[in-house]
Each structure stands twice: as C-alpha cells, then as structure tokens.
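Residue numbers (the UniProt record's numbering), protein chains in the order written: chain A, 1 to 126; chain B, 1 to 126.
Glycine included, every Cβ here is placed at the ideal spot set by N, Cα and C.
All figures in this text were calculated on a predicted structure; none of them were measured in a lab.
Protein chains: 2
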Amino acid sequence: MVEFHVDRGSGFPAYLQLGQQVREAMRLGWLQPGDRLPTVRDVVATSGVNANTVLKAYRELELAGLVEARQGSGTFVKGTLGSAAPEVLDPLREGLAKWVAEARSAGLEDEDIYALLREVLSGGAQ
Amino acid sequence: MVEFHVDRGSGFPAYLQLGQQVREAMRLGWLQPGDRLPTVRDVVATSGVNANTVLKAYRELELAGLVEARQGSGTFVKGTLGSAAPEVLDPLREGLAKWVAEARSAGLEDEDIYALLREVLSGGAQ
DNA sequence: TCTATTGTCCTAGTTCACTAGAACAATCTG
DNA sequence: CAGATTGTTCTAGTGAACTAGGACAATAGA
C-alpha cells in the first residue's frame, strides 16, 4: 500500500503532489496493475487534505488512463508507466546508490545532487 | 548570465521556478558571489511573467541571504550554496553522465531516472 | 434485503499566485 | 547636472487551489 506524504506550504498544489507520488510508485514498481490505491477517505485522514482535492488528483490519473475508479470498491491501478522491470531497475539502482555515496562523501548535499542530475539530463551546459 | 525558463501551466508558481533556477545555478557554479542576476525588466521581457512575480522571487532570495538588491545597479549574488568546487563537481558529473547513459540505453525515461534518484536519496524502501 | 464502504457531486467561501499598469526612488553614465 | 537604468511600491482585479460540509449513488458483504 502506498503512503502519501503531502507537504503543505511547499508551494505546489496538493493534488499534483498526490498524482506525482502515484506515478512515481508506478514507475518504481511499487504499484502495479490491479493494485488498489488508498481510499479517498483514507488519504483525507492521513494527509489532511480535502476530499475534493484527493478526488481531483485521482480524476486526473483516471483521465491519463493510469487508474480506474470503481464506485463502492475503490480506485485501482490500470496502466503501466516506465520500464519498471525489477531485473532492469535493480542493477541500475545499485549503480546509482554507489554514485550517490561517492557524491555525498565528497560533500554534496541532496540539492546539489538533484541540480547535477538535472544538468546532465538536460544535456550538459545548454 | 543565467537564462530563465519559466514553464507556465506546469502547475507550480513562477516565482518558485525562478528562485529554484537561481539556487541551482549557484550550486552548479554558474552563478558566483558578485555575479549579477538578470534585470527584473529583462526577466519580464524574456519569460513573460509579471514584474511583481520576478520581484517576489528575488525578494525571497534576498531574505535567504543569497542575493543582494542594489537599486539602480541590479541584483547581485551574495552568498554561496553547496560545495560547487569544479574540481569536485567535474569528476562526479562525469560519473553520473556515464550512469545516465547506461540507464537510458536500458530504456529508462527521464521520469524513471528522477524517481529512482528520489528513492535512493530517501534511503531505499523507506 | 440491509448495512457499511466507496466514489461522486454540489454549493459556498477563503486564500493566494499572478496580472496589469502606473508611479516613485536610488544609482550609474555621460 | 541630465537622462537612462534599476529596484521598489501601490492599487485593483482575476483565476485557481483549497476548504467545509453535506448529500447522493453504486458496490461488496452479511
């Protein structure tokens, strides 16, 4: 089961945070087709956001074809995202963890690491 | 000189995007103490956001002690962020680029890569 | 069938990001 | 000094995000 963590006051919309967390869990293989998302009321109780906000997040995921809402029973993962095959991800994760350890021992903070990745992904100096 | 790229419609506030881009440029060593940020009017002309929005971004950076606004002459980088020594960053960037190439040839999209990094940084399975 | 659970809708209202446009104030340059 | 450039302030308004609270509808399970 996925556990949502909504950071109010971070500036960006709660419904986007929820959506992103679902997508991310799908990419990492934590959520697979058929899995059930937390109940709207669950999320309300857990994260403190309003039911309409949760609904908005879920509706966007549904529009994107990623989940399917079934009244009375819950919201279920329907599609797939990314190439979340564990046999592909696992070795990559290991390699990344190694690099991260290196970066951290060189004194880099998490934000430095994110910045560096964004730079590399967007093609260097641009 | 830093070039801003504001993605309207991405959902999160323009002033946060501007602030983040300055912080990131500082982390990567593109902006160093004494460097001048683009003029408020420059950013307005370039990115299309309103002057007040740019001002809000700059004011937040100033409150954080990262920049200093001097009326009549511009806004200048004051503090430092991260450990942006090139002799430290360069080899790390190289190693990361290598890993990214590997991940991409394994079929991962950028979003997969971000998700994986977030997972690793937050300490694995959490 | 009855009941609990779930998603869904509705109305009303508040807060905040952002826009628009104008004016002022300090600094630099010639 | 004069003019251009820069940051700064102000007022007014729009739209979106979010809250609050209630009600309805479909499904699952006993």
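- Rounded to the nearest whole angstrom, the C-alpha separation of residue 98 of chain B and residue 91 of chain B is 11 Å.
- In this structure, residue 43 of chain A lies near residue 49 of chain A, with their beta-carbon atoms less than 8 Å apart.
- Per the Cβ contact rule, the region 109 to 121 of chain B is in contact with the region 12 to 28 of chain A (3 or more Cβ pairs under 8 Å).
- In the three-state DSSP reduction, residue 36 of chain B falls in the strand class (E or B).
- The alpha-carbon separation between residue 5 of chain B and residue 73 of chain A amounts to approximately 43 Å.
- In the DSSP assignment, residue 80 of chain A falls outside any beta strand (DSSP E) and carries neither an H nor an E.
- Of the candidates B:83, B:19, B:104, B:12, the residue whose Cα lies closest to the Cα of residue 59 of chain B is B:19.
- The shortest CA-to-CA distance from residue 82 of chain A to any of B:86, B:108, B:80 is the one to B:108.
- Contacts with chain A at 8 Å (Cβ-Cβ) do not include residue 65 of chain B.
- Inter-residue distance for residue 36 of chain A and residue 65 of chain B is about 46 Å (C-alpha atoms, whole angstroms).
- Against residue 100 of chain B, the close residues of chain A are 117, 120, 121, in the order they occur along the chain (beta-carbon pairs closer than 9 Å).
- At least one beta carbon of chain B lies nearer than 8 Å to the beta carbon of residue 111 of chain A.
- Selection B:34, B:100, B:95 evaluated against residue 69 of chain B yields B:34 as nearest (Cα-Cα).
- Chain A places no beta carbon closer than 8 Å to that of residue 105 of chain B, leaving this residue out of the contacts.
- For residue 69 of chain B, the enclosing beta strand (DSSP E) covers residues 67 to 70.
- In the DSSP annotation of this structure, residue 9 of chain A is not part of any alpha helix (DSSP H), being labelled neither H nor E.
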